[in-house]
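The structure under discussion appears below in the form of structure tokens.
2 protein chains.
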Amino acid sequence: MQRLSTSDAGFEKAFAAIVDARRSSDDDVAADVRAIIENVREKGDAALGDYTQRFDRHVLTSDADWRIGAEECREAYEALDSELRDGLELAAERIRAYHAAQLPENRDYTDEAGVRLGARWTPVDAAGLYVPGGRAAYPSSLLMNAIPAKVAGVKRLAVVTPTPDGNVNPLVLAAAHVAGIDEIWRVGGAQAIAALAYGTERIARVDVITGPGNAWVAEAKRQMFGVVGIDMVAGPSEILVIADGDNHPEWIAADLLSQAEHDPTSQSILITDDADFAGRVQDAVARQLHDLPTGETALASWDAHGVILVVGDLSEAPALANRLAAEHVELAVADPEALLPQIRHAGSVFLGRTTPEAVGDYVAGPNHVLPTGRRARFASGLSVLDFMKRTSFISASDDALRAIGPAAVALAEAEGLPAHAKSISLRLT
Amino acid sequence: MQRLSTSDAGFEKAFAAIVDARRSSDDDVAADVRAIIENVREKGDAALGDYTQRFDRHVLTSDADWRIGAEECREAYEALDSELRDGLELAAERIRAYHAAQLPENRDYTDEAGVRLGARWTPVDAAGLYVPGGRAAYPSSLLMNAIPAKVAGVKRLAVVTPTPDGNVNPLVLAAAHVAGIDEIWRVGGAQAIAALAYGTERIARVDVITGPGNAWVAEAKRQMFGVVGIDMVAGPSEILVIADGDNHPEWIAADLLSQAEHDPTSQSILITDDADFAGRVQDAVARQLHDLPTGETALASWDAHGVILVVGDLSEAPALANRLAAEHVELAVADPEALLPQIRHAGSVFLGRTTPEAVGDYVAGPNHVLPTGRRARFASGLSVLDFMKRTSFISASDDALRAIGPAAVALAEAEGLPAHAKSISLRLT
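Residue numbers (the working numbering), protein chains in the order written: chain W, 60 to 488; chain P, 60 to 488.
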């Protein structure tokens, strides 16, 4: 953990290093991923079977080896504690409501020149969702990816998920049941992304692929960008807590650790104007780490990437926050409203002392798939728009073409595109 | 040119081959582009200077070698024919009006559980626009990229454009004047994309890069995706004309050639229900090719990729069009309205006999930067959204957290994320 103060002589240099740091493991998996993709593209299911046996120790032979049925998902759901069932249902309902209100409006109008113009939004035909196996198999992620696609109107949703040694995560199956998914393939890794992008004998290709994954999955998605749509390049995630001295140190410590427990590459940053409070949070983090079942991961993250930054005045915080462009920003201050408009680059903002980031991971409604690694400078969280596309349309009457056509003819000729000019001028004679 | 009929025995196979064809030149430039990017990232302006001297035969020494000033753009504008000046102004005004209406609305509401939820759209801080030199240096493209960024509220717009042998295209400068751009760098290729993405001593880094370019530029953008936002992976473009037999064959021929003249990899496809009309269009294309100054390119495209497809009934056309997912679709039929809702995958649709595609390239208003190479299945044309990002926000009162928090605690514990659970449960006690 690094402790800084804006009044330190070396502050700017130290802060710039934090902003520019690449926290990702620099595994160069690009070449391996390229080979896997080419192999799946050429050999289809046979290649998928080979990789799945090799990487997941799962043999794909019968239909049941390949695919998990809707019945199995329903059974997993019914076997859950009612508390968890209710939790999944509440989360799904709130995610659905928030995303339904995101549906974009079509446009259709005729302007003063008499040209009818518009744009129509339509869903993609098919989306693929990657759901990690193992440690990061989160039912909440399945809901956060699947529900926006469903709300967008996507007809076919195909989930791919590795089942190492044949093990499936019943919570993920239960979430699939809640989300209404009936196509789940027991494949993972770069090979699963390739199968979704190009299609195989069994798995029909999709148009968009979303969902989190390890370095191989992320690189495969990056390589398939353009063949299909993808949500984003995901990287290590982060939280920035801006807190005054009137917060409970234990609360803020838990918030910082909730990010740190995800992964050793996660980053938790506290900005406060109260140096004593900063010390109390630091102590609380140390205490909580001691008892935390995920303490090993959280400690690795906090040690390597944690930052406590003391400012002279909280009015300095927004400028620093905008340079960090964090995935999650908590405003644990007396008047979060006053700060909100100044936070221009952030994936999601959590206002006030009783809005811990974790509530947004599950049940608040907005998507928890958010831009990481400073990408909030230019990227947005997952939304229904990631599963839709817009088609513009133009309709010019004869009169309208006479009004605007000659300008287009002049520009086309100046650009050296005579057939463009002719396609208009023929209609003007 | 390939002529097909849906009644041919081999139709499905031939059509599938057209849908799946990769028309791009398969230059494997990825490794070279990677080396250029790394070099610019490490050595900055020195590397930019080396590459610009080598590839563009332009030496970057003085400030004027590096950068084109606003004054030079104004002079280029003033030196234009008034017809062209008016054309650029009309285009700019109409593009501005169409894109202004695209600005998304923010959201801010409190739901029944008492949770305040919302989303705020903000522009990126800086955008970089690539403008090709040489044959494809189109002022219209500059307007189509720059104006949406300006409308989005982007404060800084940096244009990069190669000036081979020191030559600049005055029309492009004039368009820059019209668009209000005052930062133009005389660099191009993958090295210019790297400079925009990582920044150099002279060129500050940007957040989003848009604009067309050759294979090297496209690959550089693809590699920088994630470091910055990019508009899309551009490929060879295409037009699909759906026409009944009541059209003038010369008009439709000109429309097909307006796409073909762009590039030998462009594709023009006619679908008609009238075999005689198909023949008349084919003849008209041959005649027009003879006189066309861009005939060599257009012929290469038409020979290699042109398709005339005769259907038994125009009701077959939408399903074929959706498989082709073309960049541009013309509906040159008596009742284009009836077909429009069935065209689900298209970049832009042009309705009726007096709406040639070329009008949309210049002055209609909607963006002419559109998804190519079947990507209209999942991608949209350039819009203000490409220069903005959305930040969600959540505010839970103490009561609201008590209403939805326990479900989040249960889910977090089930996912094995105890610090997530604790950050909420501490606030509930």
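Just so it is clear, CB atoms sit at the ideal spot from N, CA and C, and this is done for glycine as well. Given the structure is predicted, the values throughout are model-derived calculations rather than measurements.
- 7 Å Cβ shell around W:Phe446 - same chain, five flanking residues per side excluded: Mapped onto the first sequence, residue 446 of chain W falls at position 387. Around W:Phe446: Pro182, Val183, Ala186, Pro207, Ala208, Ala211, Val213 and Val267.
- Item | Paired residues, beta bridge with W:Pro182 - DSSP | Here residue 182 of chain W is taken as the residue at index 123 of the first sequence, counted from 1. Looking at the DSSP assignment, W:Pro182 forms a beta bridge with W:Met447.
- Which residues, in order along the region 273–291 of chain W, keep a beta-carbon less than 7 Å from a beta-carbon of chain P? Taking 7 Å as the Cβ-Cβ cut-off, the region 273–291 of chain W approaches chain P at Arg281, Phe284, Gly285, Val287 and Gly288, given in chain order.
- Assuming P:Pro377 contacts P:Leu351 under a Cβ cut-off of 8 Å, what Cβ separation, rounded to an integer in Å, is found between them? Position 318 of the second sequence, counted from the start, is the residue given in the question as residue 377 of chain P. Position 292 of the second sequence, counted from the start, is the residue given in the question as residue 351 of chain P. The beta-carbon separation of P:Pro377 and P:Leu351, rounded to 31 Å, does not stay under the 8 Å limit for a contact.
- Message: Could you check whether the Cβ of P:Ser199 sits closer than 9 Å to any Cβ belonging to chain W?
- Response: Here residue 199 of chain P is taken as the residue at index 140 of the second sequence, counted from 1. At least one beta carbon of chain W lies nearer than 9 Å to the beta carbon of P:Ser199.
- Query: Does the beta-carbon of W:Leu329 have 16 or more other beta-carbons within 10 angstroms, so that it is buried, or is it exposed?
  - Reply: Stepping through the first sequence from its first residue, residue 329 of chain W is reached at position 270. Flag for W:Leu329 reads buried.
- Task: Find the residues of chain W that neighbour P:Ala438, judging by a C-beta separation of less than 7 Å, and give them in chain order.
- Result: Taking the second sequence and counting its residues from 1, one reaches residue 438 of chain P at position 379. At a C-beta separation below 7 Å, P:Ala438 has these neighbours in chain W: Gly288 and Lys448.
- Any C-beta of chain W under 9 Å from that of P:Ile483: Position 424 of the second sequence, counted from the start, is the residue given in the question as residue 483 of chain P. Proximity of P:Ile483 to chain W, defined by a Cβ-Cβ separation below 9 Å, is satisfied.
- Query: Quick one, are the C-beta atoms of P:Thr169 and P:Val369 less than 9 Å apart?
  - Reply: Within the second sequence, residue 169 of chain P is the residue found at index 110, counting from 1. Within the second sequence, residue 369 of chain P is the residue found at index 310, counting from 1. No, the pair does not count as a contact, with Cβ atoms beyond the cut-off.
- Kindly indicate which residue of P:Trp361, P:Gly108 and P:Glu137 has the alpha-carbon position closest to the one of P:Leu348. If you number the second sequence from 1, residue 348 of chain P lands on position 289. Looking at the Cα atoms, P:Trp361 is the closest of the given residues.
- Message: On the DSSP letters alone, give me the boundaries of the alpha helix (DSSP H) that W:Phe409 sits inside.
- Response: Within the first sequence, numbered from 1, the residue matching residue 409 of chain W stands at position 350. W:Phe409 -> not in any alpha helix (DSSP H); beta strand (DSSP E) instead, spanning Ser407 to Leu410.
- Excluding sequence positions up to five away, which residues of its chain have a Cβ less than 7 Å from the Cβ of W:Gly108? Translated into positions along the first sequence, residue 108 of chain W becomes position 49. For W:Gly108, where only same-chain residues beyond five positions count, the Cβ hits under 7 Å are Leu119.
- Short check: CB of P:Ala385 to CB of P:Ser317, under 9 Å? Here residue 385 of chain P refers to the residue found at position 326 of the second sequence. Here residue 317 of chain P refers to the residue found at position 258 of the second sequence. Contact annotation: P:Ala385 and P:Ser317 have beta-carbon atoms that are not nearer than 9 Å.
- Message: Please state whether the Cβ-Cβ distance between P:Leu147 and P:Ala233 is less than 9 Å.
- Response: Reading the second sequence from its first residue, position 88 is the one you call residue 147 of chain P. Reading the second sequence from its first residue, position 174 is the one you call residue 233 of chain P. Inclusion of P:Leu147 and P:Ala233 in the CB contact set at 9 Å is warranted, their separation being smaller than that value.
- Counting pairs of Cβ atoms below 8 Å between the region 237–246 of chain W and the region 114–132 of chain W, do you hit three or more? Three or more pairs of CB atoms, one per stretch, sit closer than 8 Å, so the region 237–246 of chain W contacts the region 114–132 of chain W.
- Go through the region 318–369 of chain P residue by residue and report every complete run of the alpha helix (DSSP H) that reaches 4 residues or more, in order. You should have 334–350 and 354–364.
- Message: For P:Tyr157, would you say it is in contact with chain W, using Cβ-to-Cβ distances shorter than 9 Å as the test?
- Response: Your numbering for residue 157 of chain P matches position 98 in the second sequence. Cβ-Cβ to chain W under 9 Å: yes for P:Tyr157.
- Task: Take the Cβ of P:Pro415 as the centre, count every other Cβ of all protein chains shown within 10 Å, and call the residue buried at 16 or more, exposed below.
- Result: The sequence position of residue 415 of chain P within the second sequence is 356, counting from 1. It counts as buried.
- Residue-chain proximity (W:Gly239, chain P), Cβ-Cβ < 9 Å: As a working note, residue 239 of chain W is residue 180 in the first sequence. Not closer than 9 Å to any Cβ of chain P, the Cβ of W:Gly239 fails to qualify, so no.
- Please name the residue, chosen from W:Val190, W:Leu379, W:Pro223 and W:Arg144, that lies closest to W:His117 on a Cα-to-Cα basis. Mapped onto the first sequence, residue 117 of chain W falls at position 58. The candidate whose alpha carbon is nearest that of W:His117 is W:Pro223.
- Would you report the Cα separation of W:Ala380 and W:Arg433, rounded to the nearest angstrom? Locating residue 380 of chain W in the first sequence gives position 321, where the first residue counts as 1. Locating residue 433 of chain W in the first sequence gives position 374, where the first residue counts as 1. Per the coordinates, the alpha-carbon of W:Ala380 lies some 10 Å from the alpha-carbon of W:Arg433.
- Message: When you compare the CB positions of P:Ala438 and P:Pro425, do they come within less than 9 Å of one another, or not?
- Response: Along the second sequence, read from residue 1 onward, the residue named residue 438 of chain P stands at position 379. Along the second sequence, read from residue 1 onward, the residue named residue 425 of chain P stands at position 366. Not a contact, by the Cβ cut-off of 9 Å.
- Query: At what residue ranges does the region 194–239 of chain P contain a whole run of the beta strand (DSSP E), taking only runs of 3 or more?
  - Reply: Correct list: 215–219.
- Task: Flag W:Phe409 as yes if its beta-carbon sits less than 9 Å from any beta-carbon of chain P, otherwise no.
- Result: Locating residue 409 of chain W in the first sequence gives position 350, counting from the first residue. Yes, contact with chain P.
- Query: Can P:Ala343 and P:Ala312 be called in contact, C-beta distance under 9 Å?
  - Reply: Counting from 1 along the second sequence, the entry for residue 343 of chain P is found at position 284. Counting from 1 along the second sequence, the entry for residue 312 of chain P is found at position 253. Result yes, Cβ atoms of P:Ala343 and P:Ala312 sit closer than 9 Å.
- By the criterion of Cβ-Cβ separation under 8 Å, what are the contact partners of W:Gly406 in chain P? Translated into the one-based positions of the first sequence, residue 406 of chain W becomes position 347. Ordered by position in chain P, the residues that pass the 8 Å Cβ test against W:Gly406 are Thr450 and Ser451.
- Item | 9 Å Cβ cutoff met for W:Ile21 and W:Trp275 | Outside the shown range of chain W (60 to 488) lies residue 21 of chain W, about which nothing can therefore be said.
- Query: Are there three or more Cβ pairs, one per stretch, closer than 8 Å when the region 398–414 of chain P is compared with the region 452–465 of chain W?
  - Reply: Short answer: they touch.
- Step through the CB atoms of chain P and report whether any lies within less than 9 Å of the CB of W:His349. Stepping through the first sequence from its first residue, residue 349 of chain W is reached at position 290. No, W:His349 does not count as interfacial toward chain P.
- What distance in whole Å lies between the Cβ atoms of W:Ser199 and P:Glu474, which are believed to be in contact at a cut-off of 8 Å? Counting from one through the second sequence, the residue named residue 474 of chain P turns up at place 415. Counting from one through the first sequence, the residue named residue 199 of chain W turns up at place 140. Rounded to whole angstroms, the Cβ separation of P:Glu474 and W:Ser199 is 7 Å, and the two are in contact under 8 Å.
- With a cut-off of 9 Å, does the C-beta of W:Gly248 fall near any C-beta of chain P? Looking up residue 248 of chain W in the first sequence gives position 189. W:Gly248 has a beta carbon lying at 9 Å or more from every beta carbon in chain P.
- From the DSSP output, in three-state form, read off W:Leu299 for me. Taking the first sequence and counting its residues from 1, one reaches residue 299 of chain W at position 240. Residue state for W:Leu299 is assigned as strand, using DSSP reduced to three classes.
- Beta carbon of W:Val468, beta carbon of W:Ala455: below 9 Å? Taking the first sequence and counting its residues from 1, one reaches residue 468 of chain W at position 409. Taking the first sequence and counting its residues from 1, one reaches residue 455 of chain W at position 396. No, Cβ-Cβ distance for W:Val468 and W:Ala455 is not below 9 Å.
- Close-in-space but distant-in-sequence residues of the same chain around W:Pro163 (CB under 8 Å, 5 per side omitted): Sequence index remark: in the first sequence, residue 163 of chain W carries index 104 (1-based). Hits under 8 Å: Trp180, Val443, Leu444, Met447 and Arg449.
- Limits of the unbroken alpha helix (DSSP H) element including W:Ile154: Indexing the first sequence from 1 puts residue 154 of chain W at position 95. It spans Ser141 to Ala159 - the alpha helix (DSSP H) in which W:Ile154 sits, taken as one unbroken run.
- Would you decide whether W:Glu278 is buried or exposed? Buried here means 16 or more other CB atoms lie within 10 Å of its CB. Looking up residue 278 of chain W in the first sequence gives position 219. Classification for W:Glu278: buried.
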